[in-house]
Amino acid sequence: MIESKTFIRFCAAALAAGLTVSAAAHDKGPVFTPSPLPYPFSDAVQVGDLLIFAGDIGMAEDGQTVEPGGIEPETRRIMIRLGERLAAHGLDYKDVVKCTVMLTDMSEWPAFNAIYAEYFAKPYPARSAFGANGLALGARVELECWAYKQAA
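Mature numbering (1 follows the signal peptide of the UniProt record, and there is no 0) puts the sequence shown at residues -25 to -1, 1 to 127.
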């Protein structure tokens, strides 16, 4: 069973995103999707109608390094990987309701935004962003997203 404080936080986030979380979904508890990577986190967790994806960096095809070339190729790789992760849950970019962006250099914000806007249509997901002192594997950008997925 999910802890009450955690459920309240998820409900507050859902309401802010215009979603609902039913008590029945709460009773079932969260559904965890394991990470394909050997790190201590889940790839996604569903609580009620919210599917919360772990942050992702622009991992290269080799699965060991960051896509070379800087912010633009990293961002494109993140967005492609997000599409694959969404599809694995029967979802698409239109189902994303909230994103958090972490950038190691805020001057690269316009380049990130240009690519991000190619994948999301209006109305855009709610979004937060902040500068980070460093990201995993030396990445320049990390993206965390929440999506709406009706609880089974």
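Don't be surprised by glycine CBs; every beta carbon is placed ideally from N, CA and C.
From the listed residues Q39, L61 and L112, the smallest Cα separation to Y94 is found for L61.
Remark: C-beta atoms of I90 and R115 do not approach each other more closely than 8 Å. Cα atoms of E59 and V71: separation of roughly 13 Å, rounded to the nearest angstrom.
Between G109 and T79, the C-beta spacing is below 8 Å. Counting only residues of its own chain and dropping the five nearest sequence neighbours on each side, L112 has a CB closer than 6 Å to the CB of V41. Bridge partners of E117 according to DSSP: I32 and M77. The C-alpha of A29 lies about 15 Å from the C-alpha of R102.
At a Cβ-Cβ threshold of 8 Å, C120 and L57 count as neighbours. DSSP, reduced to helix, strand and coil, places L110 outside both helices and strands of the structure shown, so it counts as coil. Collapsing the DSSP output to three states places Y123 in a strand. Per DSSP, A19 lies in no alpha helix (DSSP H); the unbroken beta strand (DSSP E) holding it starts and ends at S17 to V22.
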